[in-house]
Amino acid sequence: MNCDDYSSKDSICEEHNYNIAFKKHSKEVFNFLMYNYGDKQLAEDIIQESFLTLWKNCKNVPLKNVRAYLYTISKNKIIDAFRSNKHALNYKKNTTKIVDKQTPEYIFEEKEFHQKLNRVLDKMPENYRIPFLLNRVDKKKYREISEIMDVSVKSVEKRIFNALEFLQKELQINKKRF
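According to UniProt numbering, the sequence shown holds residues 1 to 178 in order.
As structure tokens, this is what we get:
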């Protein structure tokens with residue numbers, strides 16, 4: 001986290017700093033929860049609860065630890081919610097809509113491909129899918145993913161490589177498309 005964006009007062013309890021933390025981290029933590037647990041409404045609720053918890057405990061959280069704190073709190077809260085509500089993992093399909101002047105055949109083929117890709121992502125082992133999506137969708141660097149997942153950078157590299165191999169095998173296409 002770049003502390004230069006925050007005000008001179010080195011505390012997340014400062015409203016300005018808290019707002020910056022929300023803008024910087026809410027979307028990435030939300031995406032992480034979606035990749036892991038697949039429940040959009042629950043992920044949105046957990047993000048709100050996590051930031052509320054951060055605010056309540058702001059005196060105990062240094063600025064440099066805000067991001068890690070949010071990931072930890074969010075993961076714990078969503079796990080608790082799944083345990084208490086007995087939710088089933090249901091990875092949501094998020095296909096991108098193409099708004100170009102393209103032929104109907106192309107649009108149909110692209111839609112079919114995205115459906116197939118989502119089915120393959122559903123089948124992909126979680127330990128490959130999560131780093132792959134963090135890298136390819138959220139544009140996270142391997143180092144960032146390793147911090148988020150609490151694994152080594154080498155492990156992230158291997159998992160993404162395995163995800164690409166899985167996709168190549170399942171979709172019968174060249175890895176370079178991804």
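For glycine and all other residues, C-beta sits at the position ideal for the given N, C-alpha and C.
Here the structure is a predicted model, which is why all the values come from computation and not from measurement.
Could you tell me the boundaries of the alpha helix (DSSP H) in which residue i lies?
| i | result |
| --- | --- |
| THR53 | 40 to 56 |
| ASN65 | No alpha helix (DSSP H) contains ASN65, which DSSP labels as neither H nor E. |
| SER146 | 142 to 149 |
| GLU14 | Where GLU14 is concerned, there is no enclosing alpha helix (DSSP H), given that its DSSP letter is neither H nor E. |
| SER155 | 153 to 171 |
| PRO131 | 126 to 136 |
Just to confirm, is the Cβ distance from residue i to residue j under 8 angstroms?
| i | j | result |
| --- | --- | --- |
| ASN127 | ARG159 | yes |
| LEU133 | ILE78 | no |
| LEU54 | VAL61 | yes |
| LEU70 | HIS25 | yes |
| VAL120 | LEU167 | yes |
| ARG129 | TYR35 | yes |
| PHE30 | ILE47 | yes |
| LYS116 | LEU171 | yes |
| PRO125 | VAL156 | no |
Any idea what DSSP makes of residue i, helix, strand or coil?
| i | result |
| --- | --- |
| MET34 | helix |
| ILE20 | helix |
| LYS27 | helix |
| TYR91 | Because TYR91 sits at a pLDDT of 37, beneath the cut-off of 50, its placement in the model cannot be relied upon, and the following sentence gives the value as read from the coordinates. Looking at TYR91 - three-state DSSP - the assignment turns out to be coil, as it is neither helix nor strand. |
| THR72 | helix |
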